[in-house]
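S.K.: Heads up: the sequence shown at position 24 corresponds to 25 in my numbering, and the numbers run straight through without jumps. Note that beta-carbon positions come from the ideal geometry of N, C-alpha and C, so glycine has one too. Can you keep this structure in mind? I'll have questions shortly.
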Amino acid sequence: MNDSIIVQVGANISQFQNAINQVSGDLRNVGNNMTTFGTSMAKGFGAATLAVGAGLGYVVKQASEFDTEMRKAGAIAGASAKELDAMKASALDLGASSSESASSVATAKHTWSVT
Numbered sequence: 002m003n004d005s006i007i008v009q010v011g012a013n014i015s016q017f018q019n020a021i022n023q024v025s026g027d028l029r030n031v032g033n034n035m036t037t038f039g040t041s042m043a044k045g046f047g048a049a050t051l052a053v054g055a056g057l058g059y060v061v062k063q064a065s066e067f068d069t070e071m072r073k074a075g076a077i078a079g080a081s082a083k084e085l086d087a088m089k090a091s092a093l094d095l096g097a098s099s100s101e102s103a104s105s106v107a108t109a110k111h112t113w114s115v116t
C-alpha cells in the first residue's frame with residue numbers, strides 16, 4: 002500500500018513538472034514575441050524621429066533663407082528696423098495668401114529692390 006502512494010505522488014509530481022515546463026516554454030515564447038515587437042516599434046520610432054528631424058531641418062533652412070532675403074531687401078531699400086519688420090510681415094502675409102512661399106516673396110522683394 003505504501004508503494005502505491007509513492008507511485009501516485011511521483012506521477013502527480015511528474016505531471017506537475019511537465020505543466021511547469023510547458024508554462025515556462027510558453028512564457029519564453031511570449032517574451033521573445035514581445036522582444037520582436039519592441040524591436041519593430043523602436044525601428045518605427047527611429048524612422049519617425051528621422052523624418053521629424055529632417056522636417057525641422059527644412060523649416061530652419063527656409064526660415065534662415067527668408068530672413069537673409071528680407072535683410073538684403075531691407076538693406077538695399079535702406080529700411081529701418083521697424084520698416085524691415087513691416088516688410089517681413091507683408092512677405093509672410095503675401096506668402097500665406099498666395100501660391101508662393103514667404104521665402105519666394107522675400108526673394109522677389111530683394112530682386113525688386115535691386116532693380
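Do the CB positions of Val106 and Ala87 come within less than 8 Å of each other?
M.R.: Taking 8 Å as the Cβ cut-off, Val106 and Ala87 do not qualify as a contacting pair.
S.K.: Would you say Ala103 and Phe67 are within 8 Å of each other, going by their C-beta atoms?
M.R.: Their beta carbons are under 8 Å apart, which means Ala103 touches Phe67 by this criterion.
S.K.: Assign Gly79 to one of three DSSP states: helix, strand, or coil.
M.R.: Gly79: coil per DSSP, three-state reduction.
S.K.: Please confirm whether Thr108 and Glu84 have their CB atoms less than 8 Å apart.
M.R.: No, the pair does not count as a contact, with Cβ atoms beyond the cut-off.
S.K.: Do you know whose CA, among Gln63, Gly58 and Ile21, lies nearest Gly96's CA?
M.R.: Closest by alpha carbon: Gln63.
S.K.: How many Å lie between Ile23 and Tyr59 at the Cα?
M.R.: Per the sequence shown, the amino acid found at residue 23 is Gln instead of Ile. Roughly 54 Å between the two C-alpha positions.
S.K.: What three-state label does DSSP hand Ser41 in the structure shown?
M.R.: It is helical.
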